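In the numbering used here, each number is its position in the sequence shown, counted from 1, plus 329.
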Amino acid sequence: MLVKPILKPDPSPPALPVGFDPEKHLAYQPPPKVLKMADIGYPKDTGISPFATCEAFPLFTQEAIRIMRAEVFTEEVWDNCLYLAANASGCHIRGHCPKYAKFMHDALTHPRTLKIISEIAGIDLVPVMDSEVGSILVASSPESVVQHRLANGKGDSAPGQVTNWHYDHYSFVCVVMLSDTTGMVGGETAIQLGNGSVQRVRGPDVGSATVLQGRFINHQALAAQGGRERISMVTSYRPRDPMVNDDVSLKYITRITDIPELYYQFGDYRLEILEGRIRQMRKAFRGRHDAGKSLDISALKGFLEQQIKHLEVTNEEILTLDKLKTGKQYGGGEIFRSIIKS
Ligand SMILES: [Fe+2]
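This is the structure:
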């Protein structure tokens, strides 16, 4: 593996396990500024709520961040959960929640945390699925990105970015910074505005977070200059109400996730949405009939068409294994040991 993740391990990590306590581990203060879709020049009805993004706000205490780091910076997690980003600009650690990182999982899925994120986003949200809870992105050294791309016959290396320009796979993301960003140059998120221009949004400080309706906004994460550690933790959220459209694409995710587990979780939650919708529709359908009202044929047909589309998307996103490429890195524990020693 040519790519060298930048990681400064804690010399005296906290002893685990630790239980998540919202009174002790949440440090929430509201974002200084919230931007709506209309504020960034997008049509008002873009996405599933008027919210676009917000300035960084404190979410977790320093102690909570130290516990989360201790949970994921272990040989066992790196051995089982390490994937290389497609553009070689970093490594992903995924699929560790809740198996290896219970504190992190509980912190990101706690009702108090969900309430905070939902209030900011202007819509009641739940985590998409466990696979998308606490996904870690560790930026790599710019030199190793260049080397990796040259070794793969690509001369167009772009070390100034952690991700390419993209739309997220799910409606909302909450990004929490796990690195100390004091004095950091770079490391922002760039978002494309409605008029095509680009605005850089300052990234969060350690323990702080930002929320983005990233399925509908073109954006990219920029690298920190000078080989600084830049580790972010991304959790994806979807609407709690099953009747709201769940816009999703698994395209890149399949490269950086254990496929059978991803498809199990994806299939399960998409069917859960369908189950919730059918239950609600039947209640309304029967209630109307019991009240002596005639059938609303166009409402029923509209509902059926929405479910056909939902099942079509679910089916199209699940590919057979021969069509998939994995970014899984074997021997990740060895890579982790070499970082600790260097
Ligand atoms: Fe993103």
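Glycine is no exception: its CB is placed at the ideal position from the N, C-alpha and C atoms. For clarity, every value in this text was computed on a predicted model and none was experimentally measured.
Query raised in the report: Who's in the neighbourhood of ligand 1, going by beta-carbon under 5 Å from any heavy atom, listed in chain order?
Result: Those satisfying the condition are, in chain order, Asp497, Gly543.
Query - Enclosing alpha helix (DSSP H) for alanine 550 [first to last residue] - result: Not the alpha helix (DSSP H): alanine 550 falls in the beta strand (DSSP E), residues 548–550.
Requested in this report: Express the C-alpha separation of glutamine 528 and cysteine 383 in angstroms, rounding to a whole number.
Outcome: 13 Å
**Report entry** For arginine 531, the three-state DSSP class (helix, strand or coil)
**Finding:** In this structure, arginine 531 counts as coil in the three-state DSSP scheme.
Report task. May I have a chain-ordered list of the alpha helix (DSSP H) segments no shorter than 4 residues that lie completely inside the region 342–420? Result -> 351–354, 391–401, 404–410
Requested in this report: Decide yes or no for the touch test of the region 540–553 against the region 371–382: beta carbon pairs closer than 8 Å, at least 3 of them.
Outcome: yes
**Report entry** Among Ala367, Gly419, Val363, nearest to alanine 450 - alpha-carbon criterion
**Finding:** Val363
Report task. Specify, as a first and last residue, the run of the alpha helix (DSSP H) that leucine 522 falls within. Result -> First-last for leucine 522: undefined, no H or E at that position.
Query raised in the report: Is there contact between the region 451–461 and the region 426–443, where contact requires at least three CB pairs shorter than 8 Å?
Result: yes
Report task. Identify which residue in Gly656, Arg611, Pro338, Ser578 has its Cα closest to the Cα of histidine 639. Result -> Ser578
**Report entry** Validate contact between the region 504–511 and the region 579–586 using beta carbons, cut 8 Å, 3 pairs
**Finding:** no
Query raised in the report: Helix, strand or coil for arginine 441 per DSSP?
Result: helix
Requested in this report: Give the secondary structure of proline 337 by DSSP, where H, G and I count as helix, E and B as strand, and everything else as coil.
Outcome: Per the sequence shown, the amino acid found at residue 337 is lysine instead of proline. Coil, per DSSP.
Query raised in the report: Buried or exposed: proline 359, going by 16 or more other Cβ atoms within 10 Å of its Cβ?
Result: exposed
Query raised in the report: How big is the Cα-Cα spacing for serine 486 and glutamine 549?
Result: Note that serine 486 has pLDDT 45, beneath the 50 cutoff, so the model's placement of it is unreliable and no number is given.
Query raised in the report: If you draw a straight line from the alpha carbon of glutamate 404 to that of glycine 523, how long is it in whole angstroms?
Result: 44 Å
Query - Outcome for proline 334 when other beta-carbon atoms lying within 10 angstroms are tallied against a minimum of 16 - result: buried
Requested in this report: Measure the C-alpha to C-alpha separation of tyrosine 412 and isoleucine 546 and round it to an integer number of angstroms.
Outcome: 25 Å
Query raised in the report: For serine 486, which three-state DSSP category applies?
Result: Reliability of the predicted coordinates at serine 486 is poor, the pLDDT of 45 falling under 50, and no value is obtained from them.
Query raised in the report: To the nearest whole angstrom, what separates the beta carbons of alanine 399 and proline 343, a pair I think is in contact under 8 Å?
Result: 5 Å
Query raised in the report: Are the region 460–471 and the region 420–432 in contact at 8 Å, needing three or more beta carbon pairs?
Result: Touching, yes, given that three or more Cβ pairs across the two stretches are closer than 8 Å.
Query - Collapsed DSSP secondary structure at serine 583 in the structure displayed - result: In the sequence under discussion, the amino acid at residue 583 is threonine, which differs from the serine named in the question. Three-state result, threonine 583: helix.
Query raised in the report: Is the region 507–516 touching the region 549–563, taking contact as three or more C-beta pairs under 8 Å?
Result: Contact between the region 507–516 and the region 549–563 is present, because at least three Cβ pairs lie under 8 Å.
Report task. Note down, in chain order, each residue of its chain lying with its Cβ closer than 6 Å to the Cβ of threonine 643, except the 5 sequence neighbours on either side. Result -> Arg599
Query raised in the report: Between the Cα of leucine 551 and the Cα atoms of His495, Tyr592, Gly605, which residue gives the shortest distance?
Result: His495
Report task. Answer yes or no: do leucine 591 and serine 460 have a C-beta to C-beta separation smaller than 7 Å? Result -> At the C-beta level, leucine 591 and serine 460 come within 7 Å of one another.
Query - Buried or exposed by the 16-neighbour rule on C-beta atoms within 10 Å, applied to alanine 306 - result: This structure gives no information on residue 306, because the portion of the chain shown stretches from 330 to 671.
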